[in-house]
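In short: position in the sequence shown from 1, add 1454, done, that's the numbering used here. Accompanying notes for the structure given below.
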Amino acid sequence: HSNDALRPLPDKAIWVAMESKVYQGKLDINALRVITGKVEATLAIFTEDLFSKSWIESILRTDSSIKRETIEVHHMEGDGTAVKINRHHNRDPTRRFESICFIDGDSQQKDSPDDHVYRLPGEGPESYVYSQILDVLETTKGVLSVSLQHPYIQADSISDIVRQTHMTNRDEHVLQRVTVQNDDIRESP
């Protein structure tokens, strides 16, 4: 319920004080628990937004050798916040595990393997993932149709919607909210 209390506030209205430093930006309550060491994990991953968090979680699920339950992935609602929190976490001498940070390809922040800050491919993750889907759409449209909980027979219609969305969409940040419902494009809430 703590996240619900923070949700309506703008990012700039939320401040977090840690170790005599103050950080501005929205933090998830679970991320705060990781930062303060109240979670048993072996790795924390900080991302700049919810889409990149979902992308990282999807990548982790593809490798069965990864103990997913020991990795905490948190979105920070901003690239600067993600980088600062990652830096603070790794510099804390009492930390029990390392953290890494993934920033979007279009981020103004600097990636640095020494600081465990890595850049996701593409200019923006939404458009990069969407273009990767388009590259294999013809051979995977049936799988996509079923994954979207539509009958396999609607694969061509869904493929057409995906292509049409790509041609008409001008804001890559809303691509993840486009869903297929009854052969029509609708915005998710």
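Note that the Cβ used here is the ideal one computed from N, Cα and C, for glycine as well. In this text the structure is predicted, and so the values were computed from the model without any measurement.
Under the three-state DSSP convention, the category residue i falls into
i: S1581; result: helix
i: A1459; result: helix
i: H1542; result: helix
i: Q1563; result: coil
i: A1495; result: coil
i: R1573; result: strand
i: I1615; result: helix
i: H1529; result: strand
i: I1513; result: helix
i: G1624; result: Rather than Gly, the amino acid found at residue 1624 in this sequence is Arg. Looking at R1624 - three-state DSSP - the assignment turns out to be coil, as it is neither helix nor strand.
i: L1598; result: helix
i: S1506; result: helix
i: Q1603; result: coil
i: P1464; result: coil
Buried versus exposed, by CB contacts within 10 Å (16 or more), residue i
i: K1466; result: exposed
i: D1597; result: For the sequence presented, residue 1597 should be read as Val rather than Asp. The residue is exposed, with fewer than 16 neighbouring Cβ atoms inside 10 Å.
i: T1535; result: buried
i: D1625; result: exposed
i: W1509; result: buried
i: I1520; result: exposed
i: L1574; result: buried
i: K1538; result: buried
i: D1533; result: buried
i: K1475; result: exposed
i: V1590; result: exposed
i: E1513; result: It should be pointed out that residue 1513 corresponds to Ile in this sequence rather than to Glu. Flag for I1513 reads exposed.
i: A1459; result: exposed
i: A1471; result: exposed
i: I1607; result: exposed
Sub-8 angstroms separation of residue i and residue j beta-carbons
i: A1580; j: F1500; result: According to the sequence provided, residue 1580 is Glu. The question's Ala does not apply to it. Contact flag unset, no.
i: P1605; j: S1599; result: yes
i: H1543; j: K1507; result: no
i: E1577; j: D1560; result: yes
i: T1524; j: A1495; result: yes
i: E1592; j: D1558; result: no
i: F1556; j: Y1582; result: no
i: V1527; j: E1552; result: no
i: R1541; j: D1569; result: yes
Bridge partners - residue i, DSSP secondary structure assignment
i: W1587; result: This sequence places Ile at residue 1587; Trp is not what is there. I1587 is not bridged to any residue.
i: W1469; result: Q1478
i: E1552; result: L1497
i: I1557; result: R1573
heavy atom of the ligand PLP below 7 angstroms from residue i C-beta
i: V1590; result: Only the bare structure without any ligand can be found here, which leaves the ligand PLP out of the picture.
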